[in-house]
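Chains as they are written, first to last, in our numbering: chain A, 1 to 115; chain B, 1001 to 1114. Below is one structure, written out as structure tokens; comments come after it.
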């Protein structure tokens, strides 16, 4: 069964450094998402991406964040200058369509630790 | 404001017994509702969804959920729990405006004991 994959599984970085989290969505899916989950808190939506454009973003997704689909398979989340509060589990997801009824399929996550 | 609520932080069930994980919703219009499960060190896995139609929805791994409009609930159920069902369960709904963002409940930890 096709799966969303994410690398790395764990990333440790120093405050102020740039990080890039990588995802390979399911191959025939057209909509891509990033979510994060701070330890002990809810899963929170960050951004959705379709047709090489951001479709929707949350208040969390400020100028420090950017997303890109650099080629036909990868989908990346970049944090330009990490802060301590960016420490969280980051989940990539994809869906076949952008309809509200379409389930989103999630990757295993990247645990980001900012020191 | 739209939301889903999972009133229980943890549910404990003995293996072989039926399980229920509760979710109530406050969503305008016809709600679309989802259940996801998160096993340790894994991502969220889609279990099932309610769109419209039958109030009893069947999903993966023997799970089902009952949509109850009068009680605004969408409880997840399984007739006979397995130890391997122990995980974190999330109820979710999509934004009504764009539909892109899934909004999750806080999660319920299910522990099934042998």
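Ideal placement from N, C-alpha and C gives every residue a C-beta, glycine not left out.
Take residue 1030/B, set aside five residues on each side of it, and the residues of its chain with a beta-carbon closer than 7 Å to its own are 1052, in chain order. DSSP, reduced to helix, strand and coil, places residue 1032/B outside both helices and strands of the structure shown, so it counts as coil. Contact of residue 48/A with chain B is assigned, a C-beta pair being separated by under 7 Å. With respect to the C-alpha of residue 70/A, the residue from 3/A, 83/A, 11/A and 25/A having the closest C-alpha is 25/A. Taking the CA atoms as reference points, residue 54/A sits about 26 Å from residue 13/A.
Residue pairing by DSSP puts residue 1046/B in a beta bridge opposite 1036/B.
Contact with chain B is absent for residue 16/A, since none of that chain's Cβ atoms lies less than 7 Å from the residue's Cβ.
Fully enclosed beta strand (DSSP E) runs of no fewer than 3 residues occupy 19–24, 31–37, 43–50, 53–57, 65–68 and 75–79 of the stretch 15–89 of chain A, in order along the chain. Residue state for residue 1100/B is assigned as coil, using DSSP reduced to three classes.
Residue contact with chain A for residue 1061/B: absent (no Cβ-Cβ distance below 7 Å to any residue of chain A). Interface residue (Cβ-Cβ distance to chain B less than 7 Å): residue 100/A is classified as such. Exclusion of the five residues before and after residue 1086/B leaves 1110, 1111 and 1112 as the residues of its chain whose Cβ lies within less than 7 Å of its Cβ. Proximity of chain A to residue 1079/B at the Cβ level (cut-off 9 Å) is not reached, the minimal Cβ distance being about 23 Å. In the three-state reduction of the DSSP assignment, residue 1013/B falls in the strand class, which pools E and B. In the structure shown, residue 1070/B falls within a coil segment according to DSSP collapsed to helix, strand and coil.
Cβ neighbours of residue 114/A within its own chain (closer than 7 Å, five residues either side excluded): 13, 15, 82, 83, 84, 86 and 87. DSSP, reduced to helix, strand and coil, places residue 1027/B outside both helices and strands of the structure shown, so it counts as coil.
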